[in-house]
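K.L.:
Dropping the structure in here first, questions after.
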Amino acid sequence: MDGTIMKHFPFVSDETRGVLESVMKRAVNYYEFALDLGEFVLNQSSSEELALIAAVHAWRIQEQRLLQRMAEHFSESPGIVAFTYRTTSVQDRFEFAEVVSQNADAALEETLPSWIQVTLLSHKAYMGSTVFPIANTHENIEDIRRIIASDPELNCFLIYVNILQAILFIEEGDMTNGLHSSMKGLELARKYNHQYHLSSCLRSTGNILRNVNPVESIDYLEEANSVITKLGVPQRMHEVRNDLGLTFTVLGEYDLAVESYLSALEVYDSGLGPDDTVSFNLAHVYSQMGHHLDSLEWIDTAFNYHDGKGFSMMYSLKAESLIRMNKFEEVDALLDEAQQLALASESEHGIGRVHRARGIYAAAKELWPEAISHLEEAYSYLTSKDSILQTNAILLELARVESEQSMHSKTSLEDDVSGPWMTKLLQHARKYRLPGIAMQAAILQSDLLTSMNKTSLAREKLETALDILDSASVGSIRNEIKERLSGLE
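Residue numbers (the working numbering): 390 to 878.
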């Protein structure tokens, strides 16, 4: 953890350096260091620079009680207050980005050392990167680069600049440059032995690779989990395990995804209960598994995190779960709310998820042309940013409805089981090496063959699917396949 803390040493007073060294020697890991340093500045007379450093570390570990006490104790110091806001979910960023920016700007009106300017501008850029116009964050990053260029000792701060740059590239849909920036940050984190930022860069790289090479993504995220576990930071362990869950969901290894999400909830609780991000992700994976009651329970947990309110995709997913359970009373109201929120926020994924839910609703009523129309519209939105997670879900749904329509109309698809959307799904699963998705596609094909009384071909499809991956990570899918095989005997 040395580089994580010692990067401040060239810029601070001997007194501050002495306190940092003393606290660091006593702490068994970085998490304990951040807690102890926070307690020190709250209970001892401390300089502004030491208090700011303490606030930065307290913000990183997201210990809410400590942050609240620091906000109250240093209420007259906007630079410190800027680091006391909760950022454990996407909704938190939206809620607090403006006030963080205001506090950072107020602090930057004073004459400050270069390293503090960089620290405040970086925090402002991070908080606003997915909330404010991207141009604002680009401007902040250019300001940071200019300051760093004036002093070579500030080069260690370029690690975080590359993390921010990667976030922006991803927001703009530029995976290539996003990966380049993340890998550059990773190189610098290793060079400066900045273990916390190393975990950030490993995490960022793994998250980008999820939509490029999900199998490789796992390697980076597992290393990130190892690094942050040694640092002992529950909130970051929570984030990385959630990220692992997302990649396992992409691979269709749903059982391992659920295990990762639940382990994320086990290591960290902000005091408000399970956060909306992991709860939503659990609801999504259970939906993909066909466990719709579980999905409904977790989406309601996500709503509870914000006292019954939520973002657009939460309303759409709740509607989907209710439709699957043949409970239609709330569906129209939920979808109307989802659509209003998606349009207000100009969220392409939000709009896409509304169309997906409306397509599922139409299919439940056997309105096949309407169902396909909504799902194809959803496809155009949900694949616009190359999100494999969203692409998996919409392709599976299109292939399912395509097959159901064929069953009801008694018409044959090409090769009996491969209509245009099934073909696209299979190509997609092969391209990205998604074992669970390929197995689910085989189940859909076997169901169609069974409806056509082609039992031997249906059995062959299922038996071949079992050979795709023999692992507990796809245990639920394998059990589903075995049940169908048993039914064909």
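Cβ atoms here follow ideal geometry from the backbone N, Cα and C, with glycine treated the same way. Owing to the predicted nature of the structure, the values given are computational and were not obtained by experimental measurement.
(1) I'd like to check one pair, Tyr474 with Phe485: are the Cβ atoms closer than 7 angstroms?
(2) Quick check: the region 430 to 439 against the region 574 to 594, are at least 3 beta-carbon pairs closer than 8 angstroms?
(3) So is Val488 buried or exposed if we call it buried at 16+ other beta carbons inside 10 Å?
(4) For Arg713, which three-state DSSP category applies?
(5) For Glu542, which three-state DSSP category applies?
(6) Considering only residues of the same chain and omitting the five flanking positions on each side of Asn596, which have a CB-CB separation below 7 angstroms?
(7) Compare the beta carbon distance of Asp683 and Ser865 with 7 angstroms and say whether it is the shorter of the two.
(8) Exposed or buried, Gly407, counting other C-beta atoms within 10 Å across all chains shown (16 or more means buried)?
(9) How long is the line joining the alpha carbons of Ser875 and Glu793, rounded to whole angstroms?
(10) Using a threshold of 7 angstroms, state whether the C-beta atoms of Val667 and Leu685 are closer than that.
(11) In angstroms, rounded to a whole number, what distance separates the CA positions of Leu441 and Ser411?
(12) So what does DSSP say about Pro502, is it helix, strand or coil?
(13) Please say whether Gly739 and Ser701 have beta carbons closer to each other than 7 angstroms?
(14) Is the number of C-beta pairs between the region 857 to 872 and the region 838 to 846 that are closer than 8 angstroms three or more?
(15) Is Val601 near Met564, with beta carbons less than 7 angstroms apart?
(16) Counting only the same chain and skipping the five closest in sequence on each side, list residues whose C-beta sits under 7 angstroms from that of Met413.
(17) Taking Lys513 as the reference, give the member of Leu732, Ala751, Arg482 with the closest Cα.
(18) Can you say whether Ser588 is buried or exposed, counting buried as having 16 or more other CB atoms within 10 angstroms of its CB?
(19) If the criterion is Cβ atoms closer than 7 angstroms, does the pair Ala708 and Val720 meet it?
(20) Can you give the beta carbon distance from Arg789 to His763, rounded, assuming they're within the 8 angstroms contact cut?
(21) Using beta-carbon positions only, say whether Glu759 and Ala751 come within less than 7 angstroms of one another.
(22) If contacts are defined as beta-carbon pairs under 8 angstroms, then Met828 and Gly641 qualify, I think. What distance do you get, rounded to the angstrom?
(23) I believe Tyr549 touches His586 by the beta-carbon criterion, under 8 angstroms. Please report the beta-carbon distance rounded to the nearest angstrom.
(24) Please list, in chain order, all residues of the same chain as Trp504 whose beta carbon is under 8 angstroms from its beta carbon, the five residues on each side excluded.
(25) Where does Pro663 fall in DSSP's three states?
(26) Residues in the same chain with beta-carbon distance under 6 angstroms from Gly574, minus the five sequence neighbours each way, listed in chain order, please.
(27) Measure the C-alpha to C-alpha separation of Asp775 and Glu755 and round it to an integer number of angstroms.
(28) Between Ile832, Ser736, Leu784, which has its C-alpha nearest Glu560's C-alpha?
(29) In terms of alpha-carbon separation, which member of Glu872, Ala782, Ser571, Asp664 lies closest to Val639?
(30) Less than 8 angstroms between the CB atoms is what I'm expecting for Pro699 and Asp665, so what's the real figure, rounded?
(31) Judging by CA-CA distance, which residue of Pro809, Gly392, Leu439, Gly427 is the nearest neighbour of Asn404?
(32) State the DSSP-derived secondary structure class of Phe879, mapped to helix, strand or coil.
(33) For Ser862, count neighbouring Cβ atoms within 10 angstroms of its own Cβ and tell me buried if that reaches 16, exposed if not.
(34) Using alpha carbons as the reference points, say which of Asn670, His680, Glu461, His673 lies closest to Glu869.
(35) Under 7 angstroms Cβ to Cβ from Val430, same chain only, skipping five residues before and after it: list those, please.
P.N.:
In short:
(1) In this structure, Tyr474 lies closer than 7 angstroms to Phe485 by Cβ.
(2) Contact between the region 574 to 594 and the region 430 to 439 is absent, because fewer than three Cβ pairs lie under 8 angstroms.
(3) Result: exposed.
(4) Arg713 falls in the helix class under three-state DSSP.
(5) Under the three-state reduction of DSSP, Glu542 is assigned to helix.
(6) Apart from sequence neighbours up to five positions away, the residues of its chain that approach Asn596 with a beta-carbon distance below 7 angstroms are Asp632, ordered along the chain.
(7) No, the Cβ-Cβ distance between Asp683 and Ser865 is not below 7 angstroms.
(8) Residue environment: Gly407 is assigned as exposed (fewer than 16 neighbouring CB atoms within 10 Å of its CB, all protein chains considered).
(9) Those two C-alpha atoms are separated by around 22 angstroms.
(10) Against a cut-off of 7 angstroms, the Cβ pair of Leu685 and Val667 comes out as no contact.
(11) Ser411 has its alpha-carbon roughly 17 angstroms from the corresponding atom of Leu441.
(12) Taken through DSSP and simplified to helix, strand or coil, Pro502 comes out as coil.
(13) The answer is yes: Cβ separation under 7 angstroms.
(14) Judged by Cβ distances under 8 angstroms, the region 857 to 872 makes no contact with the region 838 to 846, as fewer than three pairs qualify.
(15) For Val601 and Met564, yes; Cβs fall inside 7 angstroms.
(16) Hits under 7 angstroms: Ile394, Phe422.
(17) Sorting Leu732, Ala751, Arg482 by C-alpha distance to the C-alpha of Lys513 places Arg482 at the top.
(18) Ser588 should be labelled buried.
(19) Yes, Cβ-Cβ distance for Ala708 and Val720 is below 7 angstroms.
(20) That belief does not hold up - the Cβ atoms of Arg789 and His763 are roughly 14 angstroms apart, past 8 angstroms.
(21) Their beta carbons are under 7 angstroms apart, which means Glu759 touches Ala751 by this criterion.
(22) The pair is a contact, with the Cβ atoms about 7 angstroms apart (cut-off 8 angstroms).
(23) Correct: roughly 6 angstroms between the Cβ atoms.
(24) Excluding sequence neighbours, Trp504 sits near His397, Phe400, Leu543, Phe546.
(25) Under the three-state reduction of DSSP output, Pro663 falls in the coil class, being neither helix nor strand.
(26) Taking C-beta separations shorter than 6 angstroms and ignoring five residues to either side along the sequence, the partners of Gly574 in its chain run Ile548, Asn551, Ile552, Cys590, following chain order.
(27) Across the structure, Asp775 and Glu755 are spaced so that their CA atoms are roughly 30 angstroms apart.
(28) Ranking Ile832, Ser736, Leu784 by Cα distance to Glu560 puts Ser736 first.
(29) The shortest Cα separation from Val639 among Glu872, Ala782, Ser571, Asp664 belongs to Ala782.
(30) Note that residue 699 is Gly in the sequence shown, not Pro. The pair is a contact, with the Cβ atoms about 7 angstroms apart (cut-off 8 angstroms).
(31) Checking the sequence, you will find Glu at residue 404 rather than Asn. It is Leu439 whose Cα lies nearest to the Cα of Glu404.
(32) Nothing in the structure corresponds to residue 879, since the chain is present only between 390 and 878.
(33) Under this definition Ser862 is a buried residue.
(34) Minimum Cα distance to Glu869 is reached at His680.
(35) A distance below 7 angstroms between beta-carbons, with the five flanking residues on each side excluded, links Val430 to the following residues of its chain, in chain order: Leu439, Ala440, Ala443.
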